[in-house]
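Okay, so the sequence shown: first residue is 1 according to full-length UniProt numbering, each after it adds one. Where a beta carbon is used, it is the ideal one built from N, C-alpha and C, also for glycine. Quick notes on the structure that follows.
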Amino acid sequence: MLAISLALLASASWGVADFAGGLLSRRLPAVLVLLGQQATALVVVGLVIAIAGEGPPEQRAILLSLAAGVCGAIALGLFYRSLALGAMSIAAPISASGIVVPVVVGVATGDRPTALQAVGLAVIAAGVVLASREAAGEADQAGAVDRRKSVLLALAAALFFGTFFTLSDSAADSSVLWLLFLGRSAAVPLLAILARATGNLRVPERRDLLFLAGVGVADLVATGLYAVALTEGLLSIVAVVGALYPVTTVLLARAILHERLQVAQAIGVALAFTGVAAVAAG
């Protein structure tokens with residue numbers, strides 16, 4: 001029960017961070033938003049480790065943490081760009097389909113999904129298809145290309161999110177703090193290089209810096225809660241509960257941005273959420 005509770009709190013915090021990061025990505029380059037977010041988290045968790053005096057884990061955990069950090073950064077970069085181009089209430093549930101990755105890994109290593117989990121995976125797939133549909137005549141509108149691109153980016157983000165969830169499970173058993181620190185230590189230099197190469201490396205305005213810091217802390221808290229949940233429960237359960245973050249993102253998008261969906265898209269979003277819940281319950 002503790003693992004489920006922690007994973008739910010993580011999903012809520014991720015949902016807030018994703019919504020705020022997506023908003024920032026509509027006026028700032030996604031790579032700059034992600035760099036600011038990851039750099040803030042790196043400083044915070046570095047201070048915590050220094051105060052706690054915790055030594056580094058073994059080499060395998062270090063490598064897994066670094067790999068998880070890179071995958072997480074790529075996933076967030078793709079996701080923020082997807083949120084900037086399309087409707088958050090569509091991109092968010094599509095990105096959550098990445099829970100398929102840890103489920104598949106679990107099956108490959110001996111786990112056997114229940115009948116309910118198998119149904120849940122099928123429901124997720126159907127939800128992604130419906131949520132990705134365009135309304136009649138929409139394909140000719142100016143924003144149709146951006147909407148299609150948003151869906152593709154969300155699907156790519158889902159793959160990297162799923163990989164991040166899986167790698168984090170292996171690394172969290174050694175040290176949650178070092179998982180957080182090493183992951184961001186790997187991501188920040190890569191993001192800085194990418195921002196410089198694309199001409200997007202600059203200091204944002206003061207209000208944006210404060211916003212970025214808030215996003216970074218929210219994401220750090222979410223990842224920390226998720227990592228602790230992994231030490232208390234099974235990957236196949238914790239991952240899918242943590243993947244409920246789109247619920248928060250969609251609710252915020254509807255409440256603040258007043259986003260509206262086509263009927264088929266709304267059904268798809270609901271199916272995606274239902275599928276995630278079914279896999280978790282199974």
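Proximity of the region 78–86 to the region 209–222 falls short of the contact definition, fewer than three beta-carbon pairs being nearer than 8 Å. By alpha-carbon distance to ILE62, the top candidate from SER175, LEU23 and ILE94 is SER175. Distance check between PHE181 and each of VAL43, LEU116, LEU190 and GLY120 places VAL43 closest, using alpha-carbon atoms only.
If you draw a straight line from the Cα of GLY106 to the Cα of ILE237, it comes to about 10 Å. Comparing C-alpha distances from PHE164 to each of ALA7, ALA67, ALA213 and ARG147 shows the shortest one belongs to ALA67.
When only Cα atoms are considered, THR109 and GLY120 end up about 20 Å apart. Between ALA281 and LEU179, the CB-CB gap reaches or exceeds 8 Å. No Cβ-Cβ contact shorter than 8 Å links GLY86 with VAL247. Given a length threshold of 3 residues, the region 46–77 has no whole run of the beta strand (DSSP E) inside it. Bounds of the alpha helix (DSSP H) holding ILE94 are 88–95. Beyond the five residues adjoining it in sequence on each side, PHE211 comes within less than 7 Å, by CB distance, of ALA20 and LEU24 in the same chain, given in chain order. If one requires a minimum length of 4 residues, the alpha helix (DSSP H) runs lying completely within the region 150–198 are 176–197, in chain order.
In the displayed model, GLU232 falls within a helix according to three-state DSSP.
In the displayed model, ARG206 falls within a helix according to three-state DSSP. SER11 and VAL240 have their alpha carbons spaced roughly 10 Å apart. Within the same chain, ALA75, SER95 and GLY98 come within 7 Å of PHE161 by CB-CB distance, once the 5 residues on both sides are set aside. Put simply, the region 145–160 does not touch the region 31–41. Fewer than three CB pairs are less than 8 Å apart.
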